[in-house]
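Taken in sequence, the protein lines are chains A and B. The first sequence finishes on residue 350 if you use my numbering, and the numbering steps up by one all the way, no holes. The second sequence finishes on residue 350 if you use my numbering, and the numbering steps up by one all the way, no holes.
Number of protein chains: 2
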Amino acid sequence: MGNVYRFVEPVVLFLLKKKGRSYGYQLAVELKNAALTDAEIEGAALYRTLRVLEANGHVISEWDVAGSGPARRVYRLTSSGERHLAEWVTVLAHLSSSLARFVRQARSSGAPALAAKRR
Amino acid sequence: MGNVYRFVEPVVLFLLKKKGRSYGYQLAVELKNAALTDAEIEGAALYRTLRVLEANGHVISEWDVAGSGPARRVYRLTSSGERHLAEWVTVLAHLSSSLARFVRQARSSGAPALAAKRR
DNA sequence: TTCTCTTATATGTAATCTGCATCTATATTG
DNA sequence: CAATATAGATGCAGATTACATATAAGAGAA
Chain A
232 MGNVYRFVEP VVLFLLKKKG RSYGYQLAVE LKNAALTDAE IEGAALYRTL RVLEANGHVI
292 SEWDVAGSGP ARRVYRLTSS GERHLAEWVT VLAHLSSSLA RFVRQARSSG APALAAKRR
Chain B
232 MGNVYRFVEP VVLFLLKKKG RSYGYQLAVE LKNAALTDAE IEGAALYRTL RVLEANGHVI
292 SEWDVAGSGP ARRVYRLTSS GERHLAEWVT VLAHLSSSLA RFVRQARSSG APALAAKRR
């Protein structure tokens, strides 16, 4: 099937909004549940997406060196990021209904399919 | 927002199934209505997708030199293509409901939003 | 004839997104 | 000391798309 988009950006924006502030490694754990496409979101994709979001002003980060272990880069949404998430939601809502319509069409045209399988 | 996937492959497979047989230029016209993502599907993407589908055995083509004007490469689905479309439909149905759930969550968490706008 | 338009297929190149592998580094535990 | 968990990051290849461009056949106008 090739690779369907993972929609990493909107999911990350949403998680950051919900949590207020978080960092890559923590987000990676939660993404295993929150992902849109069954296939998990890869660590590499996550870290890169965070850097791109910051480069575009949608999130900002600072180092957290307080706890033990390696330092964490802690992110939070900017107001631009909030707007960007809202745009994503609009796009994804539209896509979702388009996909649903497509699925209905594709399932209705063609084989009898759900024609009350008897035995 | 970057570029959301156009899902060219499943749309082309579906149109070919519906029409029985067709060719690139004709499909390009119909894609303007059938596309899943508002943004139109580009001619270049369409022609390349058709060649890839053929390389993978999901469609077969033959030249139609009967009519006037340049020759047409006419495609039709193979049984493998039918199965491939069915797989796509399963994937897209799942994606559609995942997106819908995501949109609901993203819209509920956050601003009052739909809180009965009065005047 | 020559010019232009429509029809029809195809390629070159760059950008973006993803997957897999790999690397660095800090602290904890055995 | 060695292994493990935590944390962030890069290199490279493959997939998908966008934009531009190329090629070519026939129809109609000048």
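Don't be surprised by glycine CBs; every beta carbon is placed ideally from N, CA and C.
Between LEU330(A) and LEU267(B), how many whole angstroms is the CB-CB distance? I'm expecting something under 8 Å.
Indeed, because the Cβ distance is near 6 Å, the residues count as touching under 8 Å.
Count the other CB atoms, across all protein chains shown, that sit within 10 Å of the CB of VAL334(B); report buried if there are 16 or more and exposed otherwise.
buried
Write down the C-beta distance between LEU262(A) and TRP319(A) rounded to the nearest angstrom, noting that I regard them as a contact closer than 8 Å.
The pair is not a contact, with the Cβ atoms about 16 Å apart (cut-off 8 Å).
State the start and end residues of the unbroken beta strand (DSSP E) segment that holds LEU308(A).
303-308
Can you tell me which of the three DSSP states VAL322(B) falls into?
Of the three classes helix, strand and coil, the one that applies to VAL322(B) here is helix, per DSSP.
Express the C-alpha separation of SER310(B) and ALA346(A) in angstroms, rounding to a whole number.
With a pLDDT of only 38 at ALA346(A), under the threshold of 50, the placement of this residue in the model should not be trusted; the figure read from the coordinates follows. The straight-line gap from Cα to Cα measures roughly 21 Å.
Kindly list, in the order they appear in chain A, the residues whose Cβ is closer than 9 Å to that of SER340(B).
PHE245, LYS248 and LYS249
Interface residues of the segment 322-333 of chain A facing chain B [CB-CB below 9 Å]:
Result list: VAL322, LEU323, ALA324, HIS325, LEU326, SER327, SER328, SER329, LEU330, ALA331, ARG332 and PHE333.
Rounded to whole angstroms, what's the CA-CA distance from ARG279(B) to ARG307(A)? Just pull it up for me.
41 Å
Have a look at GLY298(A) and VAL242(B) and give me their C-alpha separation to the nearest angstrom.
51 Å
Could you have a look at TYR236(A) and say whether DSSP puts it in helix, strand or coil?
In this structure, DSSP gives TYR236(A) a state outside helix and strand, which the three-state scheme calls coil.
Please tell me whether ARG304(A) and GLY251(A) are closer than 8 Å, where the distance is taken between their beta carbons.
no
State the Cα-Cα distance for the pair HIS315(B) and GLN257(A), rounded to the nearest angstrom.
37 Å
Just how far apart, CA to CA, sit ALA337(B) and GLU271(A)?
20 Å
Whose C-alpha, out of ALA302(B), GLU273(B), LYS249(B) and ARG332(B), is nearest the C-alpha of SER339(A)?
LYS249(B)
Using a Cβ-Cβ cut-off of 8 Å, state whether VAL320(A) counts as contacting chain B.
Yes, its Cβ sits closer than 8 Å to a Cβ of chain B.
Check the C-beta distance from LEU277(A) over to VAL290(A) and give it rounded, since I have them as a contact under 8 Å.
Between VAL290(A) and LEU277(A) the Cβ distance is about 12 Å, and since that is not below 8 Å, they are no contact.
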